[in-house]
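Per this note's numbering, residue 1 is the first one in the sequence shown, and the count goes up by one each step.
We put the CB at the ideal spot given by N, CA and C, even for glycine.
Just below is one structure, and these are the notes that go with it.
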Amino acid sequence: MVRAPARLHFGFIDLDGSSGRRFGSIGLAIDEPKVIVEATPAHHLSVTGDESGRAPALARRFLSHYRLRENVHIALQQMIPAHVGLGSGTQLALSIATALARLFSIEAGVRELASVMGRGKRSGIGVAAFDRGGFILDGGQQVTTTDRLRKPDSPPHVIIRHPFPEDWTFVVAIPNVGRGLAGDAEGRAFRRLSARHTGGTGRLSRTILMQMLPALVERDPSAFGQSLTTIQRIVGRWFRPVQLGTFASPLGARIARAMVRGGALGVGQSSWGPTVYGMATSEKVADTMEHEVRNTSSGRGEATIFRARADNRGAEIRTSQEQR
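In structure tokens, the structure reads:
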């Protein structure tokens, strides 16, 4: 059985590659929602549970790579909502790959499995969240002026992985406004954005280096929250030509403002959204934030609202004997 955390993607660092490296990203593994997958021997490949539509292709990709027979059953016991900015694709792919690797006694690390499953080509946050959890900063991919859009073979390397305070709470809202970009649509969006000189990379980098990282190490929630909001403004401006606003939807923007009214120390959109998050350090403030969000989303398209804390462990892997 494999249990894997979702992740919040706080933003990319360099979309146009003007620094000599492209992408680079920051994010956090969170304890809710989760992917829970179990693989057991069977006469043929079968899948049960939610998101069973994606799972067979993922399983076949793994089995084909390692030249294994399709005699396995995969039970999807719990899932992260798909294409809402919480990293469901990477966590599902790595969970299935890890469960199958254990079942067939294949020795393969997380980075190898990510490459096999085609995950982490732009951002390394999801792969690193699965591996060890916590706060993550990856270094992106090296580019050249003649090969700016090359496809990397493996996920970006993690530059910083740091435990995140588990008493800092995130109120997370998923507006019911459709799905965020993924797959080919996401690829086209990044190609469009890479052709523009985005600007702001220097300011964003300074915010990470001189505000966000010190605040994390010193456990200063106010400064960390301010850095989240600053980064959201910059990344949201970069994404505007594609998502037509700083947030993926007008409702998402209203929810973010509602979180601020409720006392959020910082707000942002995870990846392409539509998921929006706000940070607090007390249950009382989180209660107020949630109340404001519910008032804002009521009548304008409902939103799924929940709370999450940091996951500093990454995926939990157990054999059938260990589960007993």
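Review point. For the candidate residues Leu193, Asp31, Ser64, Arg21, whose alpha-carbon lies nearest to that of Gly142?
Key: The sequence given here has Gln at residue 142, not Gly. The shortest C-alpha separation from Gln142 is found at Arg21.
Review point. Is the beta carbon of Lys284 within less than 8 angstroms of some heavy atom of the ligand ATP?
Key: Looking for the ligand ATP in the displayed structure turns up nothing, as the structure carries no ligands at all.
Point to revise | Straight-line Cα distance separating Gly252 from Met289 | key: 14 angstroms
Point to revise | Secondary structure of Phe306, DSSP reduced to three states | key: Phe306: strand per DSSP, three-state reduction.
Review point. What does Gln211 pair with, by DSSP beta-bridge criteria?
Key: Assignment of beta-bridge partners to Gln211 by DSSP yields no partner.
Point to revise | 6 angstroms CB neighbourhood of Arg254 in its chain, flanking five on each side removed | key: Thr296
**Study point:** Endpoints, the beta strand (DSSP E) within which Pro42 is located
**Key:** According to the sequence provided, residue 42 is Ala. The question's Pro does not apply to it. Run containing Ala42: none; DSSP gives neither H nor E here.
Review point. Cα separation between Glu70 and Ala82?
Key: 25 angstroms
**Study point:** Residue burial classification, Ala93 (beta-carbon count within 10 angstroms, cutoff 16)
**Key:** buried
**Study point:** Asp138 beta carbon less than 9 angstroms from that of Gly124
**Key:** yes
Exercise for review: Name, in chain order, the residues that DSSP records as bridge partners for Ile174.
Suggested key: DSSP lists Thr304 as partners of Ile174.
Check your understanding: Three-state secondary structure (DSSP) at Leu149?
Key -> Residue placement at Leu149 cannot be trusted, given a pLDDT of 49 that sits under 50; the coordinates are not used to answer.
**Study point:** Cut-off 7 angstroms between Cβ atoms - residues of its own chain near Ala4, not counting five sequence neighbours on either side
**Key:** Lys34, Val35, Gln91, Leu94, Ser95, Phe130, Ala315
Point to revise | For Thr169 and Arg309, believed in contact at Cβ under 8 angstroms, the rounded distance | key: 6 angstroms
Review point. In chain order, what residues of the same chain lie with their CB nearer than 6 angstroms to the CB of Gly262, ignoring the 5 residues before and after it?
Key: Thr288, Met289, Glu292
Review point. For Arg188, which of Pro214, Glu302, Pro241 has the nearest alpha-carbon?
Key: Of all alpha-carbon atoms in Pro214, Glu302, Pro241, the one lying nearest the alpha-carbon of Arg188 is that of Pro241.
**Study point:** Identified DSSP bridge partners for Pro5
**Key:** Lys34
**Study point:** C-alpha distance - Gly85 paired with Arg7, whole-angstrom precision
**Key:** 8 angstroms
Practice item. In angstroms with no decimal places, state the Cα-to-Cα distance between Leu193 and Asp16. Key: Going from the Cα of Leu193 to the Cα of Asp16 covers about 7 angstroms.
**Study point:** Cβ contact (3+ pairs, closer than 8 angstroms) linking the stretch 261-275 and the stretch 158-165
**Key:** no
**Study point:** Three-pair Cβ contact test at 8 angstroms for the stretch 24-32 versus the stretch 45-63
**Key:** Cβ pair count under 8 angstroms is below three, so no.
Check your understanding: Any idea what DSSP makes of Ser19, helix, strand or coil?
Key -> coil
Check your understanding: In terms of residue numbering, what span does the beta strand (DSSP E) encompassing Gly278 cover?
Key -> Here the beta strand (DSSP E) through Gly278 covers 276-280.
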